[in-house]
Every structure is written in C-alpha cells, then in structure tokens.
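The structure under discussion appears below in the form of structure tokens.
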Amino acid sequence: MSMLAAGRPTKQEENLIMPEQTANPTHSGNRALMVDEPLIFETGSPDRSGVDLPDAPQVESRLSGLERTSPIAVPGLSEAEMVRHYTRLSRQNYAIDVGLVPLGSCTMKHNPRLNEKMARLKGFADIHPLQPVESVQGALGVINELAMWLIKLTGMHGVAMTPKAGAHGELCGILCIRAALEARGDAREVILVPESAHGTNPATAAFAGYKVEDIPANSDGRVDLEALKARLGPDVAGVMITNPNTCGLFEPDMKAISDAVHEAGGFVYCDGANFNAIVGKVRPGDLGIDAMHINLHKTFSTPHGGGGPGSGPVVLSEALSPYGPLPFTARDADGHFRLIEEETADEDHPHSFGRMSAFHGQMGMFTRALTYMLSHGADGLKQVAEDAVLNANYILRSLEDILDAPFAHSGPCMHEALFSDKGFTNGLTTLDLAKGMIDEGYHPMTMYFPLVVHGAMLVEPTETESKAAIDQFIGAFRSVAERAKAGDERLKTAPHFAPRRRLDETQAARNPKLVWTEPEEFAEAAE
Amino acid sequence: MSMLAAGRPTKQEENLIMPEQTANPTHSGNRALMVDEPLIFETGSPDRSGVDLPDAPQVESRLSGLERTSPIAVPGLSEAEMVRHYTRLSRQNYAIDVGLVPLGSCTMKHNPRLNEKMARLKGFADIHPLQPVESVQGALGVINELAMWLIKLTGMHGVAMTPKAGAHGELCGILCIRAALEARGDAREVILVPESAHGTNPATAAFAGYKVEDIPANSDGRVDLEALKARLGPDVAGVMITNPNTCGLFEPDMKAISDAVHEAGGFVYCDGANFNAIVGKVRPGDLGIDAMHINLHKTFSTPHGGGGPGSGPVVLSEALSPYGPLPFTARDADGHFRLIEEETADEDHPHSFGRMSAFHGQMGMFTRALTYMLSHGADGLKQVAEDAVLNANYILRSLEDILDAPFAHSGPCMHEALFSDKGFTNGLTTLDLAKGMIDEGYHPMTMYFPLVVHGAMLVEPTETESKAAIDQFIGAFRSVAERAKAGDERLKTAPHFAPRRRLDETQAARNPKLVWTEPEEFAEAAE
Amino acid sequence: MRYLPLTPADRQSMLATIGVDSIDDLFVDVPEQARLTGPIHDLPMHAGEMAVEAHMKALAKKNHAAGDMPFFLGAGAYRHHVPASVDHIIQRGEFLTAYTPYQPEIAQGTLQTLFEFQTQVARLFGVDVANASMYDGSTACWEAITMARRITKRSKAILSSGLHPHYVSVARTMAKFTKDSLAYEAPRVDAATDIQSLLDQIDDETSCVVVQYPDILGRIADMSELAARAKQHKALLIAVVTEPVALGAIMSPGEMGADIVVGEGQSLGVGLQFGGPYVGLFGCKEKYVRQMPGRLCGETVDAEGKRGFVLTLSTREQHIRREKATSNICTNSGLCALAFTAHMTLLGEKGLRQLAMLNHKKAVQTADRLSAISGVELMNDSFFNEFTLVLDKDARPIVRALADQRILAGVSLGRLYPDEEPLAHGLVVAVTETVSDDDVEALATALEGALA
Amino acid sequence: MRYLPLTPADRQSMLATIGVDSIDDLFVDVPEQARLTGPIHDLPMHAGEMAVEAHMKALAKKNHAAGDMPFFLGAGAYRHHVPASVDHIIQRGEFLTAYTPYQPEIAQGTLQTLFEFQTQVARLFGVDVANASMYDGSTACWEAITMARRITKRSKAILSSGLHPHYVSVARTMAKFTKDSLAYEAPRVDAATDIQSLLDQIDDETSCVVVQYPDILGRIADMSELAARAKQHKALLIAVVTEPVALGAIMSPGEMGADIVVGEGQSLGVGLQFGGPYVGLFGCKEKYVRQMPGRLCGETVDAEGKRGFVLTLSTREQHIRREKATSNICTNSGLCALAFTAHMTLLGEKGLRQLAMLNHKKAVQTADRLSAISGVELMNDSFFNEFTLVLDKDARPIVRALADQRILAGVSLGRLYPDEEPLAHGLVVAVTETVSDDDVEALATALEGALA
Ligand SMILES: Cc1ncc(COP(=O)(O)O)c(C=O)c1O
Ligand SMILES: Cc1ncc(COP(=O)(O)O)c(C=O)c1O
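Protein chains in written order, with my numbering: chain A, 285 to 811; chain B, 285 to 811; chain C, 22 to 473; chain D, 22 to 473.
In structure tokens, the structure reads:
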C-alpha cells in the first residue's frame, strides 16, 4: 500500500488546493506532452496522400459507365502526419501497457508480444481463406491444435471454432440447443437467464428467436436452485448460466443445476467469459454443461484492441456436438487435415445448423491463443487461475473494511471482487469513485455491473499484475473510497487530470453527431 | 498561425491564473495518464524473470574455477511488468512521432516505418559479420548500392562506409587527410576550424592528434575568405568547414576556399551534417571538397533513437580515396561482391589507414537509408531539399519581426533559421523561451548553438512538417517570444506541464549519482 | 513463468493477508470431485519463447503464403498492400491493449479514431452514418436484414443471386430460427446480373432486397432503379460491398439510393489472415440510426466545453437493453477498424482513386491476357478488379493442380457452389496492385498447360 | 511523395509569404555553376512501398540468414534469442524517434532508461560506474586506452594476444596517429593464455594492460594477479568483454580488480545485424569518472524536489569542451542500449545466470561431440560458450565448403589472422541457446565429411 517510490515530492504540500486543468494556459492549447489533436477532416485534404503507387496500365476501363464522379471526400495525410496523428491519439488512451485495467468480467491481462509476432508470420497472416486445403495444412493444423487444447482444458466433447466473439459464441451455443431440440421435434420457446447475466446472454437468446425469463438468485449471489427447479418445464429450452458468475462467485450447485435442466429436457449453456478463474483447476465438462463459449480475448490473452476483435470458440457436449456450425477442420489418421464445408457436410456433419460467418473464424486470434497456451502449458495455465484468484481475494480482503462487499461474507471470491457504493455520502456514487481512480492513474473497475448489486464495482486484477502493482492500486482505491465516504465534493468533478473532463453523454445521445460534417462557417466560405 | 481546432475551450478564461502542477494532489502521485514510474531496481527482484529457458544439459562445467558466486544484483521483471515499465517511461518522452522537433543541426525528420520493416528482414538482421562472403552477397550488395547513391548524390570519387556516426566520420576524414599528408612525407600539425563549428569538429581533430586553430567569420555569418587565406601555410593540414554552415547559411565562397586550401597544400574537410539542405541540388564534389561525412541519421531518415545509433559514411575525393579505411566492399564485373580486408589490402588498397571499427559499419542503418533513398528517388530527394529550405525560410520570415534574426538581412537561409534572445527583458533568455515551448507542446529548438551568436536559437523544421504544423508552431513560438520580450516572470519557471519541472543540473554534476544504489534505510533493514 | 509476476514469497504473504493457508482454500466453492489436482494430462508443460516460436514457425511453413507466389484469389477477401506504418500504429500498446472505450476521459484515442472511421465509411458508402464496426461482412449482412425487418415490420427478404454464397449461408442459418423468409437462387454464368429479376420480385411484403456490388462474379450493375422500386413498395435496398477499394472507382451504393450499405472492410489495412479477424462495415441513412446494430461513437463536449467523443445511443445495445437490443454484438472489430482508418487516411481520396484505377486496369489487362488462351472465355463485360472466366474444363481440379505448382489461380465456382453443375467451369480471378506482370504470365502459362 | 506533406498550393503560398517567386530564389547563395537543374542522372526516380520492398527483399534473400541453418559463429558477435517484447519496446515512437535527451523535462523516458542501463552495466562488469554507451566494443576499447593514457600520463599500452584482432587493428590505426605505443603479438594455439607473459611485460612506463575475457580463442583466465601487478606499477588493467552473457557464469572483471572494463553489448537485445549497429559498454572505477568518454546520465531533482535524471558531467564532452574533450563521440548507441536494458530487465539475475549456464553447458556438450571426430582436437581446457578446435586441415576452406552446404560452422582463425600460418587449422566455434542438438549433429556430420 506504499506510494510510488519515484515522483514523490520531497516537500509535501498537503493542503494545497488541487490545481484543476480547467483552461488552456498555453497559446496552442497543449499542455507539454498532453497534445490535443484535431480530426483528419480538419488537417488532411483529399489531394494529399501517404502512398505512392505506380501508374496504371493504359487500357480502357470497363466500369459500365458507373465511374465515381462525385467527391469521396476522404482526406489523406502524408505518412509523417498519419503516424503522428494516431500516435498522439493513442497517447490519450489508457491501456494495459499503461497500467492496471481492473475491469471485472473483462480479464484485461497482459498481451504477450510473442503472440503478436507469431500472428504476423506470413504463413498465417498472408493466406486466403479459400486457398486449396493442400496449401493451408498448417493453418488447419493451428485450428485443430487449438481445438484440442480447448477440449482438454474443458473436458468437453467437441468445439466450434468459427464464432467471432463471446456473443457470437453464445449464439452458436443457443443455435446448437435449438437445433438439437428441433431435431427431436421439441419446439421449446424459453431460455432462462439470471438477472446478473451479461447483457449479451438475453440479447443472444432473443436474437435466436427465444423468449427470455429470469432465474432467481439467492442472497449469496448465486442461482437459487430450488426456484430454478420450480420453473423448469417442457417450455424451457435451456438455461444460460455464468460460472464463475458475474458476482465473481463459483456456482457450487452447478452440477445439480445441470442435472435438473437435463431431467426437464433442456440444455445448459454456460457463459465462459470467466473461465480464467478456473482454467486448469476445473473442467466445465465435469459439471454437466452442454455448451460454453470461451473468450480467447480474455482467458487466452489475445488483445482487446480497444473493442475487438475477439474470438469465441464454443465447447460442446456430446449431445450438442452434432449440431455445431460449418466449416470445421478434421484431422485424418495420417495427420492430413480436411475442411468440412457445405459440400461434404451431408456425410461428415449432417446435423450442422449451418454457417455462421463467411470463413473459418478468427485465425489471427487462434495463432495468438495457441502461442499463449504453448507458452504456459498445462502447468502454467493452472497457475494462471490460481494467481488470478489469489490476486482478487487479496483485493477483496484488503478493502472490505472500507468498502461494502455484498458477498464477502459467503466465502472467497474467484477472479474478481465485488464491491458497492453503499456508505458513500453527499450523493457520491460508483461513478464518482471511478472517475477519481482515473486521476489516480488507474483505469476504473467495471461499474454498475452486475445489475443485481446497486452501485456495483467489479474488480478483476488478473494474474499478470504484480503484488507491488496491486498494493499501489489498493492504496489508491482506499484513498478514493475514503474520500467518497467522507463526501469529498471534488470527486463529483473528477477526473481533473485526464485529457478530458467528464463528457456530456446526454447531449451526445439527444443530438447524435456520428460523422464529421464541415462546420457551417467553413462550408460557406468555400462556396 | 491558427490554434488547434480541437481542444479549444469554448469558454475562454483568459485571465485565469496558470495552474501549475506543483504538487501531487492524488494519493498515488500520478495525474491520470501522467504516471510516474520507479526504477527497475525498486520494483524488480533478482529472482524474478521475464524469460523461460530450457534446462541446461547435465554436464560438468569448465569455467576453470571462476564461477561467479557474488550477487550480480540485476533485477528482473516479468514480461508484463517490463512492457509496462518501458511503455510508461516512453510516454515521458517527446519525439518526432509526438510532434515537431525543430532542433537545428539535427534534421529531425519523419522516420518512415518501411525502413524499420526492411531492416528487420532476417536476411539483413540475422547475419553475422564474419560469415563467408558467399553467404552474404546481398548484404555486400546493400553496402555497395548505398555507396553508389552517396557517390552520385555528392559527386565525389569514393566513400568509406564503416564510420559509426558523424563524429566517427569526421575522424575517418581527418585520418585520410593525415595519411595522405604522411604519404607525401608532409607532417603538418594544424587543422583550422571555425568557432561556429559543431564541437565534434575540434574534438575530432584533437582526437586524431592535431592542433586546432580558429577560422575567422565575417559579419554575415560566413567564413572570412581573406582571413582564411592569410592563415594558410605549410603547417596547415586542412580546414573543417560546415556547409551549409551552422548558422544555416550556404558558404558561397566554398569553391574559392577549397582552391585556396589546395593551393596551400592542405585538404578540405566538409562537415556534411547539413546535407539535407542541398541533397539533389548541389554536389559537394563540385565545390572542391576532399572529404565529407553524411549523417544517415539526419539526411537519410534513420531514427535518432534517443541518442543513437547513427551512421556516418564519408565521401572522399580522388586524392583521399586511396587512404580510406578497411574493410570495404568491391563489386566485380560479374556482379559478385568481394570484401577487402587486411588480408588482401596490400594488393587492393595498399594505402588504407586501417580499420576504425570491428566490422562493416552500421548495416542496420544502411538498410534503412537505402530504403529511404529508393523511396524518394533522385526526384524526391531534390524535393526534400527544396521543401526543407522552404519550410525554414517560411519560419524565418514569419518570425523575424518579433525575434532578432542576426543574419536574416543577408538573404535567405538554408534548412534552418537562426534567431537570438536579443530584446528579451527581465533577465529572460533563450533557455526560458525553450522551456516555454515545452509547455506549448513542442520540443525546443537548438539552444546556444552556434556559439558565435549570443543566445542562439536554431530552428530546423525539416521537410516532413506540413504547413499547418508549421503555422501552429509559429503561432506558439510567437506567443512565447512575445512573453519573453514582455518579461513574463512565469517563463522563468517553465515548463509547468511536463513530467518534470526544471531539473537541477548543477547538483547532478557536483555530486554525480550515475548508478542506482540501495537507499540507506533499505540497506540497513536488509541486514 | 515469464508472464506471471508473483513470486512464491508474494503468494505466501498474500495468502496470509487473506487469512487462508493454501490456494485451495480459495477454491472451496468448487465441489471436491470437480477439482483437479495436478495439471491436466496429455497437454504439454510450459515452454520458452524459442520453443514456442519453433513450433509455430513449423506450422506456418506448411502454408503457401500468398506473397510467395502468383496469387489471384478474391471472392470476398482481397490481397492488398498494407503500408508498414499501419501495422506500426496498431501495435501501439495504447491501442492494442485498450479496452472498449467505456471510460471516455481516458479513451479519446480510440473514440476519435472510431469517429474518423465512421465518417470515412459513411463517405465511402455514400450514406449518412456508419457504426463502429461489426465482426465481418457476412454477419453485417444478416444484421442489415434483421434491421430491415425491424424498420419495415416485414420478414421477407430477397437476396440477389450475386450475393456471396457464404453470406447467403449465414443468412439462411439465422433465418431458419428467426422464421425470416429468404428468396434466393444461385447465379447464372451471364454477363448480365439479376437486377431485372429482382425488380420483378419486389412486392408489398418485401422487407428488403440485398444486392452485392460488385457481385460475386465481379459484375457491376446500376442499382438506382432497384432503389426506386423498393421505395415504391416501402421496402429497403441493402447493398453489400465486399471490396471497398472498388468504391474508389465506381459510384457509391448510397448515391444510387441504397438505404443500408454493409460490407467487408478487410481490403484496407487488415490483410488476408485466412479469413479473420476482418471488419464488418455498416452504414445507413440517418433516419434509421436508432435501429442500427453495434456501437456508435458520437461527438459531445466535456465539462469545460472541449470537444470530445463518447459511445452513444447505447439504449440500442445489449448491455443496456438486454433482450430488446437491436443486436447481441458486444466485442466488435475495433483494432481492424483502426487499421482500416489508418490505411484510408494514408490513401485519402487521391490515393484511393489511384489505387482503385490501378486495380481495375490491371484486371482489364489480365482479363484480356487470360481470355486470349484457347479454352478460356471471359464472362464479364464489366468488372472492377475481379472477373469470371469460363474454362472448357472443370475449374476446381485445375485450381488444385496449379496450387501444387505454386500458383494460386483464383477461386473456382465449384468451390463456392459445389452443388451447382452449371457453374463448375467458372473461375473467379482477382487482380490487385500486388499482382505483377510476371505473375500474370505465370498464370497464363500454367493455365495454357492445364487446358492443353 | 508519401513522406512529404507540402502540396503545390502550400508551396506557392509559402513562397508568397517569404516574398520570393520561386524556390530557386532561396538557393541564390549557391554559385550558379554548382546548382543542379534536374534530378541527378543515373539514379532511379521515386518508388512506392511495394517496389522498394521487392527490391530490398531480393537483396535480403541473397544472404544466408543464421536462423535458417545450423549456426556457430561468434568471435565478437553472438546470436542470442531476443524476446519479442524487446523489439516492441524499441519500436515505440517515443523512443525510436526521440533526440538525445538534452531537454530533460520531456526526456525522462530516455534518461531513466539510461540510468538503468548504466547501473546494469556497472553491476554486470563489477565496477562502480558505466556510461551511456559507445559505438561498439572495438571503439570502446580504444577509448579505454586513451583514457588510461590521460590518467597515467603514459602512452605505452600492452595488448594481450587474446584480444580480438579487429580490436587490435582499430587500436593500431589510431595509435599510428596519436603516437601511442602498443605491444602486441598474435595468439598461440595453447590452452594457456598469455597472462604470464603480460605479467612480465608490465613496467613503470606501462599505461595499461588490455585483456579480453573470455579471450578470442574462448579461454578464461583469472586476471587478479595482473590487476595487482598493474597496480604496483601504477598502470591500469583494462578488461574487454565481447560476450556479456559470460558474466552470468564467471566472475566479473571488476571483482578481479580491473580499473576499466569495456565490452560489446550486442549479445543482449541487439542481434547480429552484420556487425552493426552494436553497443559499446564502458565502465570503470568511480575515481576515474571525470576521465570517461561519452555521455553520462545522472540523478538529480527538479524544482519541486522530485527525482529526475539529466545528462551530466558534460564538461568532459565535445559540445562543451571542444578540442579538450575526453572523446569526440556525440551520437552513441542509444536505442541499442535500450534494447540491452530491456533484455537484461527481462532476464534479471536469475534469468541471466540460467542463460549463461545453458550456453556454457551446451558448449561443453558440443565441444565433446566435435572433438570426438577424428582430425579434430579441442584446444581449450576452459571456456564459456566458445572454444577453439584444431583441425588436421586448413579450417578456412572447410568453413566455406560447409557454408555452401548451408552450415555456418564457426570462424576460422585463418579469416581472423590471415598472415599467421600457425593458426590456420584453428576453428572458433560458438554455441548459444539458439543451437539445437540437431544443429550440432549436422555440424558434426558435415565436419566428419569434410575431414575424411
Ligand atoms: C460475462 C460475459 N459474457 C459475455 C461477454 C460477451 O463477450 P464478447 O464481448 O466477446 O462478445 C462478456 C464480455 O464482455 C462478458 O463479460
Ligand atoms: C554540424 C554537426 N556536425 C557533426 C555532428 C556529429 O554527428 P554525430 O552526432 O552523428 O556524431 C552533428 C550532430 O549532432 C552536427 O550537428
């Protein structure tokens, strides 16, 4: 809980008024290394370019008279300007490389640079999805090897590799369930989803044409087994349960839940976003689960990239495997790989529900995830789960005296610690604490999720944070929490030191400006 | 001279007291994205590591009893921590990618990313300097092709490729001169260097065993031809002249100077650090020069890397070429490349003064520079010089009304504009203006160089800055200059917004702490 | 292990702070019988960088990299030269390792980039607005169909025969479950597209017509009439662009009246990558914005009045609206969108137009060269950088045979439409700026050989 | 042109502001006859990325990359595995494109890194202080000799026969002009080093003794006695380390009493790069610090009392002291120093020791395997990761022949000492962690073949 050794002022000025960066005291509007950057539409021009191309051959065009004559109006920059523009913008971002990103449910762990290097090998980066299979045996080999890892780590029967993110994986799993039910002529209509679930769960069920109903939770933050049992029946296609759940707790009754659902003729979908807590420690297959997506961009360290891309392979039980999507990779006894697509599906995979994206899934993420798995090995992955859980419990126990921790009484958490803003005064909320953490040099925790806890703060440190980093984080968190409890007015206007103060989200939504348009004055002047 | 379009506050608070970042108003000491970072010695530990290595084979060691048993005491970090540590540190740097670095004499132009990619091709990056020549024909080809470009661009006779930076190139040139003189039994002892020269010029001459004497300048900031002629004589081995010179001016009498020196039996060394101003426009070979180094890390865009590495090939006249260093590359008629080293030097290059570094020079810079040359071509390089000179003159003329420009009257400048702090009030100096520019989001210009101008400010924008970027720079510069002339007290304590306020250089030198040592308290506690 | 900073001593002291004896005390909620004791069997143990790199390189070597041989594949994924600076930018840790920009004060880098991306896409497509990306073109296409259903409250979509068959498959997969009806049939080998037939099919039950432009066989047709007809029937025109570079040369779908334009953005910045990750582009008319799927970045101001950007209109999205959301998408293709935008910013209008014409003219040259071979006929009378050849033999075995000779000749229609006998002789050949004259000659020679 | 942002319109308006008509008006100071009119003849015109990349790749392909074949070269440049994260760090624009940190308020990133570098080097070498880098090991070695001259005011240096012959050449080149006297003779093929002979040579005129450790033939010898003897005569012991990884296994020169330790840092972080850029390491005892060449980074505080770093003691340097400077060096090897430091930080003491022992034990194994071949004898009784084999034939043609078989077998002494007949059978073989058992077998088999 010590402060940083560097940068501590030798003369302490405790009662100093906090200097806000309320104005631009410089001519340029910049503040030394904090440089504001205009939009490319303001600096670039349609006749500038950062590429040099050879002249086109002198032949007649064959565009059937559809030549684009009107302006496209996308500005260009020289390479020098382009690099500086995006470098400057990048410097306004927080990211794992900059510091702790303790976003609960997001598993923001270190993204190893070897992964990046391997994904860029030309044999992976520069191959076309429709090349003849003989020319992409290595790529199919990667998919197959990764599939094997996922199956062994989860103890499941099969795996669908094409889903492009977690939500797409959920869709895959739900479609498998639906296909399996339809195959037996059972047109069930309801999927049960707990209120604590991630928004993608109900959205996916609806996207696949299901009605969504709630699963009640008990006071420990877990599924209420008896209430669930009571709701099960011939209309229930399945349940979607997150385990470890979004309160950061393991569902101890998981096996009993699965048994009950199966008994009622339904299937069990598990949201595996939180697999990082149990990888190498527990196999979902041993808990009766039928389908579970795995966010490679969480547990298996592929970068989040400011919003994606992700990858969401879905492991499947024996009952659901026949319904998985096309295309997929099969390994012959002689080590040769085949690609199963529509053409041979009738023979090889007759019950598939079909294709869910154009090609073979997120190859660029597969190479990264496989690199990560090979690096850690079975022993390292087990250590990952243990360290992730250790770090989270350490935070939970270090802060439960100052922050309300709604489920801390019920035992240890898994990979994330849940707190709430109960006890904050002067109208301060989770949001204010979050913005205060920004000033402290941290990315805030997940706010207001799960919905079941009022003012929720979900803190997931991951295993790649050192004890020193976590101690500093705890120190800062404690300090801001103390201020929130004391009702410190200045938290309401935090952050004070970020590239921007609080942004007006209401105005953004009320009067959406989603694309840049020439300012009136300019537009007129140009006429 | 407009402000940035983005980031302009809509409510102007003109008379607001400038908020200094005098203290750490946060618990952590951080200020949002401005994160302070301790030393690895404070966070790492000798038993942590960011590498995994296979076990060593089980064999006896043969270290003749010299095993290292005492602690090495170099701390390790996990990869996650290492990446974050250096990422955070990098964010405390200014650089071309962040903004304009108008350092006169330094030619801080954009470093193209294709250069970086080409330098990393395994065929260049992963070859050993002592591989058999048949296995490195491509590498020798790069050296030869680059040499050809340099010769044609300068109109000289030969080129020595091994020097490792500009100063090393100077040494190479001076040694050639000395070897040439000694070959004719002429033991001259003096090198003439103008006061305006870069410090490496006199230092090099001295390092090579010469006495250094001054060349007088005229009031236009140029070599005083008549005074120089008067000083020439049998003791003068040569002159070192910078052209364009360090005041940013072309030496119009260069040819006459060369002729005079040659007539007096001496040689002409030209410091080519400023070649960017004339590349493709003027060939130094046409001016009678005998030797000139070229900083590939200036004119030819190889990155400066926070201080190096550089590369300083030296073009040579016919008279000096025989004395150039070993090893070098020769191209046979059939396109095969030979390496001339000590072994065959007696035949191939009998007058060489010898080897000046272990291997073949800065190969990693050669690949970058050649990539740059091929990208620009002869036409593009000419444009480089023109745009560099245009940008500099634009700055000169945009600021000469507010800042003293000592040689502006004598005509256009070349690639850099020279100003001075004449007219600043209240004790403010060039240093204060420089620090004020930091707050404005700019790297300062070169300060107090050349020495011939009191309070010199040397501004070199380079050709890779856009007009908009230069206009913004001029606006900021003007604003700070106005404050300096008005005697604005707050400039004395600038920068206010950088990661650090002014640093105490006197203390650093008086009581040098050049390596980290365990703080006393810790050291005791550990006992 | 190199990515794990905790030392054994750290772990001990942390357990002590927590107040438990061992790590297993933290896993008490896991039923005894489900807890694994040792590392999972049958999987390798941890390995150093060198060993992992060797393993991955061995796999990579088993693939024919496009850059190592003449290469002519397209059909929804195009090989363009990506400038080195684009990769530099997407490797910036602040972009690469950032989360979704839910905390806008420290995510202006990502947000401003998305705003630039949205504007570029909207302008390229000729529509009012665009979102912050979808997974890829195929999923964006299905999302557009569901969006049209929400807007028109009708569930009958007409898919052009020129739509990429994989996109059709994806739509069919979903439609099976959502009970949307999809009218579609496979394309015919003909220089003319199916515009006329589409015009005839539109009626008052139609929710949308989905047309690929240029289409899977490389053909380009004016969609203006289709847009007008759709409008008459209060149906929407959805245009699908799988090769955005084309829009540097040909009119945008928006200019022709398309209501929604979706596409695959992989051509710019992203690379081939065996099919993913790619980046779905999604634009539409302003009036439909509240029915759009996916994230949207919008302009606003901060507490000091400075311009800034935020994710907005999130009441459309799953994390707010849950089962009522317009889509279930959460993670999208952020970093690919950045790559797209960086590449587009390097190009600018001028560069994009040059690039497009270079592609087109090279394709024209290549088409002429190849169709001069006996046994080869050019189907298209118009095309951008991709055209269909009709061979006098089955194309598929020829493509395979040429691959063995290290020539990647194109995509056979037999691969795309295995069940369509009449298409078996078709070969779709794409020609981008990366194709050299030597490559064309190599292909021509090999084709001559294969057809002789 | 892609790197040049000015448009023709920009240029016109700027010329107008300046008040001239044409760009040539800005070049008036250049005498008419020296002004070129068109682009220089005989050089190509500008070219796009694709074309340039193709050109450079074609050149790169003409080299045998070490990673593509069994590789055993050392002799002053070693092939070690550089972790991927090191290259990521040195590609950060803020490091890559920064200038020398003369404005410390906005250069703390570079400065703190240099401070870490200096500390790591000093600790590795076992000396008090180190500088911020030199060009390479060979130039650092000469700088050390001149520094000893300045300290002792004597100009007679004794160079060990085990010093890298290229380092000797560099010193000789300079000494010719500075009139320093250098005592040196070529090494002998013998398990024993020349320590005894060096001890005998030291006298009261000696400024320094320069000893490489491990030496060019791979031998390791205790320098303690030499240090003591030098001290007696008020001469300095300069140790030269060309393979810093060795110091993870063997005692540091500082521990043995060396006054100045210099070396080549390329082994860590930098890579082979055909010989450059490399990074010269330079450390010494505290008392000599004001005689050191090159830049030094030192700790201080800012106006608020916060710790910070600056370049310091610059009164030693050319930009302040001009002809009285300790050296003419200006630009050094900053980015390579960063790479060194990042790699060393990943290793830490634990990793460095492991790496060193891995190198050593692999070398032992390899030495045994190769010396089992008939016609091959192992010269060394001690070595780190490099040893000398004596073949029963000239080694040089064998190395060339093996290269043609795509095996890079080592450095022949004939290459290093072309004029020394007695060394012609010597082959210096280096074995690092990058060498696999298969590589060793391939070399053994090929050597057997060549010697049969
Ligand atoms: C619990 C949970 N489920 C599902 C998802 C959705 O995954 P994705 O964003 O990859 O679609 C997330 C990710 O945010 C999550 O946290
Ligand atoms: C005019 C001049 N000469 C010489 C040099 C020395 O070059 P280098 O730093 O590459 O040794 C410089 C660079 O700073 C310079 O500006």
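Even for Gly, the Cβ is constructed at its ideal location relative to N, Cα and C.
Query	Result
Buried or exposed by the 16-neighbour rule on C-beta atoms within 10 Å, applied to residue 43 of chain C	exposed
Bridge partners - residue 233 of chain D, DSSP secondary structure assignment	D/261
Test item: CB-CB of residue 648 of chain A and residue 704 of chain A under 9 Å	no
Near-chain C residues of the segment 323-346 of chain B - C-beta to any C-beta below 9 Å	329, 331, 332, 333, 334, 335, 336, 337 and 338
Residues of its chain near residue 580 of chain A, where Cβ-Cβ distance is below 8 Å and the 5 sequence neighbours each way are ignored	586, 594, 595, 596, 597, 646, 649, 650, 652 and 653
Cβ shell of residue 582 of chain A (< 7 Å), same chain only, five flanking positions each side left out	390, 391, 557 and 560
Any non-hydrogen atom of ligand 2 closer than 8 Å to residue 454 of chain B Cβ	yes
Spatially closest choice to residue 339 of chain A from C/381, C/463, C/327 and C/211, by CA coordinates	C/381
Within chain A, the residues that residue 113 of chain C reaches when beta carbons sit closer than 8 Å	370, 371 and 374
Residues, ordered as in the chain, of the segment 70-93 of chain C that lie near chain D by beta-carbon distance below 7 Å	70 and 71
For residue 622 of chain A: DSSP bridge partner residues	A/614
Residues from the segment 696-709 of chain A in contact with chain C, defined by Cβ distance under 9 Å	696, 697 and 698
Ligand 1 heavy atom lying under 8 Å from the CB of residue 482 of chain A	yes
Buried versus exposed, by CB contacts within 10 Å (16 or more), residue 206 of chain D	exposed
Interface residues of chain A facing residue 319 of chain C [CB-CB closer than 8 Å]	792, 793, 796, 797 and 798
Below-9 Å beta-carbon distance, residue 104 of chain C vs any chain D residue	yes
According to DSSP, residues forming a beta bridge with residue 671 of chain B	Answer is none; residue 671 of chain B lacks a bridge partner.
Nearest residue (CA-CA) to residue 656 of chain B, options D/80, D/342, D/256 and D/69	D/69
Residue environment, residue 468 of chain A, which counts as buried when at least 16 other CB atoms sit within 10 Å	exposed
Proximal residues of chain F, C-beta to C-beta of residue 28 of chain D below 9 Å	You won't find chain F in this structure, because its protein chains are A, B, C and D.
Sequence-distant residues of the same chain with beta carbon closer than 8 Å to residue 435 of chain D, five excluded per side	415, 416, 417, 444, 445 and 447
Under the three-state DSSP convention, the category residue 654 of chain B falls into	helix
Proximal chain D residues relative to residue 362 of chain A, where beta-carbon distance stays under 7 Å	23, 24, 25 and 26
Residues of the segment 436-461 of chain D whose Cβ lies closer than 8 Å to any Cβ of chain C, in chain order	454 and 455
Amino acids of chain D, ordered along the chain, whose beta-carbon sits closer than 7 Å to that of residue 2 of chain C	As displayed, chain C neither begins before 22 nor continues past 473, which places residue 2 of chain C out of reach and without an answer.
Cross-chain neighbours of residue 109 of chain D in chain A, by beta carbon under 8 Å	397 and 400
Status (buried if at least 16 other CB within 10 Å, exposed otherwise) for residue 741 of chain B	buried
Residue closest to residue 137 of chain D, alpha-carbon to alpha-carbon, out of B/691, B/388 and B/322	B/322
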